[in-house]
Amino acid sequence: MNDILSKINETCAFIKSRITEKPQIGIILGSGLGPLVERIEKKIEIDYRDIPNFPVTTVEGHAGKLVSGSLGGKQVVAMKGRFHYYEGYDVSQVVFPVRVLKQAGIDNIIVTNAAGGINSSFKAGDLMAITDHIGLFAPSALRGANVKEFGARFPDMSNAYDKESIKLIEKVGAQLGVQIKRGVYAFAQGPMYETPAEIRTLKIMGADAVGMSTVPEVITAVHSGMRVLGISCITNMAAGILNQELNHEEVMKTAKDVESKFVSVVEKVVEQWK
Ligand code: HPA
1151 MNDILSKINE
1161 TCAFIKSRIT
1171 EKPQIGIILG
1181 SGLGPLVERI
1191 EKKIEIDYRD
1201 IPNFPVTTVE
1211 GHAGKLVSGS
1221 LGGKQVVAMK
1231 GRFHYYEGYD
1241 VSQVVFPVRV
1251 LKQAGIDNII
1261 VTNAAGGINS
1271 SFKAGDLMAI
1281 TDHIGLFAPS
1291 ALRGANVKEF
1301 GARFPDMSNA
1311 YDKESIKLIE
1321 KVGAQLGVQI
1331 KRGVYAFAQG
1341 PMYETPAEIR
1351 TLKIMGADAV
1361 GMSTVPEVIT
1371 AVHSGMRVLG
1381 ISCITNMAAG
1391 ILNQELNHEE
1401 VMKTAKDVES
1411 KFVSVVEKVV
1421 EQWK
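Residue numbers (this note's numbering): 1151 to 1424.
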């Protein structure tokens, strides 16, 4: 059997031995957005360190564990902490958990992140439904021999972010009194924040927000036929948009301030996602 496929099967078998309820929805939690797991009931937690073939997270603000249980009446598996390309992982390691979630039977995934706002109508603390992405600077998650059990060699990315799910999050936002912005997310390799010139370039290219994750995971999810909802928490305005310096502490602080509205929105989306 293909090496990657046998690794995924091994990891999946381990997870299924610990999580017996069939999961319906996968959730990847971005920087500072981990507290969503507190809302999960009948929790089963598995440390990434204990999962065969899983890389281990290193970045500040990311605990590495898989948290499964009931959220909004659905069975979810949340990744508290993800693997970033900038940490030194190969992109195939970055997306490995997405392959495992799919293999575990998950067809719907919510991918979240902290991002810098490029669209000048945004402000720190906004939530943005991702309508599309720019991944031209991301190493391809699908590089190398295609495993046909996963999906097509040349997958279409025209509808990577499910349109009905974007409408749903907007509806949920209206119910909760939380405005949901829409926009295009651009990938930057990081870990340095971008220069003002890079942000001006991304703006011309059509980006509304920028971050260091999400794109490889979404490509992998779409490749394997998963339905994707992407949510960015705008934690800061990107470099050069406002006259201010950027730092990780500010990103984490905004994520903390936004925590309760982010958690309510995601929980209600999970509840209403059909
Ligand atoms: N740039 C890239 N990634 C980010 C930013 C940013 O400004 N804010 C949070 N993640």
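Backbone N, C-alpha and C define an ideal beta-carbon position, used for all residues, glycine too.
All values reported here derive from a predicted model rather than from experimental measurement.
Looking from the CA of residue 1170, the closest CA among 1155, 1196, 1394 belongs to 1196.
Relative to residue 1154, the option among 1337, 1190, 1243, 1186 whose CA is nearest is 1243.
Going by DSSP, residue 1407 is part of the alpha helix (DSSP H) stretching over 1398–1422. Under the 8 Å Cβ criterion, the region 1367–1385 counts as touching the region 1256–1268, having at least three qualifying pairs.
Taking all protein chains shown into account, residue 1300 has 16 or more neighbouring C-beta atoms within 10 Å of its C-beta and is therefore buried. Listed in chain order, the non-local C-beta contacts of residue 1258 below 6 Å within the same chain comprise 1175, 1377, local neighbours out to five positions each way being set aside. Of the heavy atoms belonging to the ligand HPA, none sits nearer than 7 Å to the Cβ of residue 1288. For the ligand HPA, a non-hydrogen atom lies closer than 7 Å to the CB of residue 1343. Set against 7 Å, the gap from the CB of residue 1362 to the closest heavy atom of the ligand HPA is smaller.
Under the three-state reduction of DSSP, residue 1265 is assigned to strand. Here residue 1188 is exposed, its C-beta having fewer than 16 other C-beta atoms within 10 Å. DSSP places residue 1197 inside the beta strand (DSSP E), whose first and last residues are 1191–1197.
DSSP places residue 1302 outside any beta strand (DSSP E), giving it a letter other than H or E. Annotated three-state conformation of residue 1164 is helix, per DSSP. A straight-line Cα-Cα distance of about 7 Å links residue 1250 and residue 1161. Spatial neighbours of residue 1199 in its own chain (CB-CB distance under 8 Å, excluding positions within 5 residues in sequence) are listed in chain order as 1206, 1214. Residue state for residue 1233 is assigned as coil, using DSSP reduced to three classes.
Scanning its chain for C-beta atoms nearer than 6 Å, with the 5 sequence neighbours on each side dropped, one finds no residue around residue 1159. One alpha carbon belongs to residue 1295, the other to residue 1368, and they sit about 19 Å apart.
Taking 7 Å as the cut-off, one finds no heavy atom of the ligand HPA near enough to the beta carbon of residue 1397. Residue pairing by DSSP places residue 1282 opposite 1334 in a beta bridge. The DSSP-derived three-state label of residue 1277 is strand. Counting along the chain, the unbroken alpha helix (DSSP H) around residue 1322 starts and ends at 1313–1326. Relative to the ligand HPA, the beta carbon of residue 1386 is positioned inside 7 Å of a heavy atom.
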